[in-house]
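> If you're matching positions, the sequence shown starts at 1 in UniProt numbering and goes up one per residue.
This is the structure I have questions about; it appears just below.
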Amino acid sequence: MSNWGKTSNISYQQWRDPEISVVTFRGTAGDSLRHDEEDQCGDYEVYTTGMHTVDLGERRTGQDPTEDTFTVEDAVEAIGFGKFQWKLSILTGLSWMADAMEMMILSIISPQLHCEWMLPSWKVAMLTSVVFIGMMFSSTLWGNISDKYGRKVGLTMCMMWVLYYGFLSAFSPTYGWVMVLRGLVGFGIGGAPQSVTLYSEFLPRKSRATCIMLIEIFWAFGAVFEVLLAIWLMPTMGWRWLLGLSTAPLVVFVTFCFWLPESPRFDVLSGNRENAMKTLRLIAADNGKTMPLGKLIANKQQEERGRIRDLLTPQYRRTTLLLWFIWFANAFSYYGLVLLTTELFQAGDACGVITQGAKTEPKCNLECKYLTLDDYKDLLWTTLAEFPGLFVTLFVIDRIGRKKSMAMCFLMFSVCILPLYACVGRVALTVFIFIARAFITGGFQVAYVYTPEVYPTATRALGIGTCSGMARGGALLTPFVSQVLLKKSVYLTLSVYCIFCLLATGASMLLPIETTGLGLQESSRITAGQEEMKTGQMSNGSEASPTQTSYGSSYNS
Numbered sequence: 001m002s003n004w005g006k007t008s009n010i011s012y013q014q015w016r017d018p019e020i021s022v023v024t025f026r027g028t029a030g031d032s033l034r035h036d037e038e039d040q041c042g043d044y045e046v047y048t049t050g051m052h053t054v055d056l057g058e059r060r061t062g063q064d065p066t067e068d069t070f071t072v073e074d075a076v077e078a079i080g081f082g083k084f085q086w087k088l089s090i091l092t093g094l095s096w097m098a099d100a101m102e103m104m105i106l107s108i109i110s111p112q113l114h115c116e117w118m119l120p121s122w123k124v125a126m127l128t129s130v131v132f133i134g135m136m137f138s139s140t141l142w143g144n145i146s147d148k149y150g151r152k153v154g155l156t157m158c159m160m161w162v163l164y165y166g167f168l169s170a171f172s173p174t175y176g177w178v179m180v181l182r183g184l185v186g187f188g189i190g191g192a193p194q195s196v197t198l199y200s201e202f203l204p205r206k207s208r209a210t211c212i213m214l215i216e217i218f219w220a221f222g223a224v225f226e227v228l229l230a231i232w233l234m235p236t237m238g239w240r241w242l243l244g245l246s247t248a249p250l251v252v253f254v255t256f257c258f259w260l261p262e263s264p265r266f267d268v269l270s271g272n273r274e275n276a277m278k279t280l281r282l283i284a285a286d287n288g289k290t291m292p293l294g295k296l297i298a299n300k301q302q303e304e305r306g307r308i309r310d311l312l313t314p315q316y317r318r319t320t321l322l323l324w325f326i327w328f329a330n331a332f333s334y335y336g337l338v339l340l341t342t343e344l345f346q347a348g349d350a351c352g353v354i355t356q357g358a359k360t361e362p363k364c365n366l367e368c369k370y371l372t373l374d375d376y377k378d379l380l381w382t383t384l385a386e387f388p389g390l391f392v393t394l395f396v397i398d399r400i401g402r403k404k405s406m407a408m409c410f411l412m413f414s415v416c417i418l419p420l421y422a423c424v425g426r427v428a429l430t431v432f433i434f435i436a437r438a439f440i441t442g443g444f445q446v447a448y449v450y451t452p453e454v455y456p457t458a459t460r461a462l463g464i465g466t467c468s469g470m471a472r473g474g475a476l477l478t479p480f481v482s483q484v485l486l487k488k489s490v491y492l493t494l495s496v497y498c499i500f501c502l503l504a505t506g507a508s509m510l511l512p513i514e515t516t517g518l519g520l521q522e523s524s525r526i527t528a529g530q531e532e533m534k535t536g537q538m539s540n541g542s543e544a545s546p547t548q549t550s551y552g553s554s555y556n557s
């Protein structure tokens with residue numbers, strides 16, 4: 001750790017936001033503002049929007065406590081996790097459940113339409129890719145909307161969009177109509193990650209990683225529920241009923257979305273302090289806690305919100321580019337494995353051998369086949385891998401950090417893919433796919449924890465949106481590997497996924513910021529002097545103090 005990280009009087013929060021100064025006072029019992037190191041320190045820090053540091057000295061007896069100030073971060077920490085967050089978990093979780101069902105349905109209806117409409121393999125791949133095309137082009141747009149007009153606005157609009165076009169796609173008369181309507185569904189799903197943006201901004205620091213990981217259980221529930229729905233509907237009622245009933249979680253979400261509050265962090269950033277206070281009082285009453293005394297600080301100088309160029313400033317460029325690749329590789333591998341599962345299960349354990357000169361490699365028999373009950377059962381077992389993947393990652397994420405957790409998941413995925421080169425039997429195939437899916441699922445969820453922590457409020461939704469857009473780009477390309485290239489070469493298909501995940505392992509370790517245990521950043525302003533300080537710190541491989549209560553990071557070159 002560098003001397004700056006140990007002894008500097010400039011906190012990391014000041015480095016990240018020069019518009020914020022520190023007001024220090026020596027408090028007495030009953031002070032409204034709380035510090036995580038209260039047991040160790042007698043001084044409290046309150047961030048205000050001035051340009052000077054003021055020592056208020058000892059508080060005078062009888063001083064009006066309403067002269068105190070606090071930030072949204074202070075209020076969220078004081079209120080803690082309670083009844084409000086549980087209700088928010090369920091409602092935002094429904095959007096994740098719907099997203100998972102719409103994704104899982106792709107691996108179920110593709111073989112059905114392949115046989116029913118006698119589609120060539122490239123058209124089958126396009127059924128999946130068109131959804132991801134819509135998601136890729138809309139993810140940044142939904143992020144921009146959420147940063148400019150509010151998290152609630154963006155999330156509600158995209159979920160209503162998915163409900164409308166998802167239900168209409170059940171009535172598609174031809175392949176062309178399926179393509180158009182599923183593409184529009186994908187356009188709406190591109191906004192689903194904004195539920196994480198909204199949810200994370202209501203969570204206290206100590207609960208954030210755990211809560212975001214646990215809300216991802218709704219994704220796992222959605223995937224499992226979709227397979228169970230397919231087992232019930234596909235043999236008798238067909239794929240149209242499956243498409244229609246898969247919108248059920250969205251119906252529930254839209255029915256209760258009026259309850260969703262706007263993020264107080266967004267309200268403060270946009271100068272809407274009254275709305276922020278109203279929301280915070282609502283949360284405090286719901287949780288049975290008291291609000292901090294004093295006045296909520298609002299920004300005097302409004303920041304521009306939702307600008308992509310802010311993600312590529314020198315301060316964030318390296319982080320953004322690495323995250324874009326990590327999200328791309330994660331979705332490319334995750335959805336590739338989902339699609340690969342049905343393809344390999346259809347082939348069973350029967351592998352022929354193609355001899356081309358001196359070259360010999362196994363090739364699975366992948367002609368048109370409807371999914372059988374055994375295929376659905378195996379698909380269900382591999383889908384259940386979402387749960388252990390989440391729990392394993394939940395166990396390590398706060399112990400070894402976000403970066404190492406992502407790297408571990410990518411590496412273990414590659415290790416589990418290697419045995420498939422031997423063209424193993426169906427039981428072994430199910431086991432290895434189960435383990436691989438557990439780890440790639442965990443890696444995806446760590447990325448959802450890390451990304452909103454690393455960006456400030458002004459660009460948080462856009463940061464998640466652009467990362468999600470890159471992920472959809474990976475998902476867009478993966479059907480041509482898992483469904484088309486697989487028919488040409490099993491070896492080459494598996495190698496592509498292994499290489500991408502190994503590269504993502506390295507990218508995870510190269511991320512310059514470790515966000516474990518840190519508060520959400522509110523501002524992105526930085527001065528030249530502080531940029532120089534950051535550069536010096538990074539060159540020394542030093543870390544910011546892990547006990548800072550303001551938003552800080554570790555820079556490990």
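For every residue, glycine included, the Cβ atom is placed at its ideal position computed from N, Cα and C.
Just so we're clear, the structure is a prediction, and the values are computed from it rather than from any experiment.
Would you call the CB atoms of residue 493 and residue 486 closer than 7 Å?
yes
> Could you check the C-alpha separation between residue 113 and residue 380 for me, to the nearest Å?
Going by the C-alpha atoms only, they are around 20 Å apart.
> Using 10 angstroms around the beta-carbon of residue 558, count the other beta-carbons present and answer buried if the total reaches 16, otherwise exposed.
Residue 558 lies beyond the stretch modelled for the chain, which goes from 1 to 557, so this question has no answer here.
> Under DSSP, the alpha helix (DSSP H) around residue 454 begins and ends at which residues?
426 to 454
> Between which two residues does the alpha helix (DSSP H) holding residue 272 run?
Note, residue 272: premise wrong, no alpha helix (DSSP H); not H, not E.
> Just to confirm, are residue 98 and residue 250 a CB contact at a threshold of 7 Å?
Closer than 7 Å, so yes.
> Mind checking whether residue 461 and residue 146 have CB atoms under 7 Å apart?
yes
> At what residues does the alpha helix (DSSP H) containing residue 149 begin and finish?
121 to 149
> Exposed or buried, what is residue 422 when buried is set at 16 or more other beta-carbons lying within 10 Å of its beta-carbon?
exposed
> Is it true that the CB of residue 92 sits closer than 7 Å to the CB of residue 195?
For residue 195 and residue 92, yes; Cβs fall inside 7 Å.
> Where does residue 493 sit, in a helix, a strand or coil, going by DSSP?
helix
> Would you mind reading off the limits of the alpha helix (DSSP H) that contains residue 175?
175 to 189 is the span of the alpha helix (DSSP H), which, as asked, contains residue 175.
> Indicate the three-state DSSP secondary structure (helix, strand or coil) for residue 70 in the structure shown.
strand
> Identify, in the order they occur along the chain, each residue of the same chain with its Cβ nearer than 6 Å to the Cβ of residue 224, setting aside the five sequence neighbours on each side.
383
> Tell whether a beta-carbon distance below 7 Å holds between residue 446 and residue 393.
yes
> May I ask you to report which of helix, strand or coil DSSP gives residue 262?
Of the three classes helix, strand and coil, the one that applies to residue 262 here is coil, per DSSP.
> Alpha helix (DSSP H) containing residue 316: first to last residue?
Careful: residue 316 lies outside any alpha helix (DSSP H) and carries neither H nor E.
> Could you tell me the alpha carbon to alpha carbon distance between residue 239 and residue 374, rounded to whole angstroms?
18 Å
> Among the candidates 192, 193, 257, 163, whose CA atom is the shortest distance from the CA of residue 181?
163
> Output needed for residue 323: all residues of its chain with C-beta closer than 7 Å, excluding positions within five of it in sequence on either side, in chain order.
451, 467
> Below 7 Å between beta carbons: does that hold for residue 96 and residue 259?
no
> Within 10 Å of its beta-carbon, does residue 109 have 16 or more other beta-carbons around it, so buried, or fewer, so exposed?
Buried, since its Cβ has 16 or more Cβ neighbours within 10 Å.
> Quick one: Cα of residue 406 to Cα of residue 191, how far?
23 Å
> If you run the structure through DSSP and keep just helix, strand and coil, what is residue 487?
helix
> Using CA coordinates, which residue listed in 261, 228, 293, 257 is at the minimum distance from residue 278?
261
> Should the region 207 to 222 be regarded as contacting the region 161 to 179, the criterion being three or more beta carbon pairs within less than 8 Å?
no
> Taking its Cβ as the centre, do 16 or more other Cβ atoms sit within 10 Å of residue 425, making it buried, or is it exposed?
exposed
> Using 7 Å as the threshold, is the C-beta distance between residue 319 and residue 513 below it?
yes
> Mind reading off the beta-carbon distance from residue 134 to residue 176? Whole number of angstroms is fine, and I expect it under 8 Å.
Actually they do not touch by this definition, with Cβ atoms about 15 Å apart.
> Is residue 516 helix, strand or coil when you go by DSSP?
Correct three-state label for residue 516: coil.
> For residue 295, which of helix, strand or coil comes out of DSSP?
strand
> For residue 484, which residues in the same chain have their Cβ closer than 6 Å to its Cβ, ignoring the five residues on either side in sequence?
121, 125
> List the whole-angstrom C-beta distance separating residue 136 from residue 222, where the pair is believed to meet the contact cut-off of C-beta under 8 Å.
The pair is not a contact, with the Cβ atoms about 21 Å apart (cut-off 8 Å).
> Hey, out of 169, 274, 273, whose CA is closest to residue 245's CA?
169
> Just verifying my parser: in three-state terms, what is the DSSP assignment at residue 521?
coil
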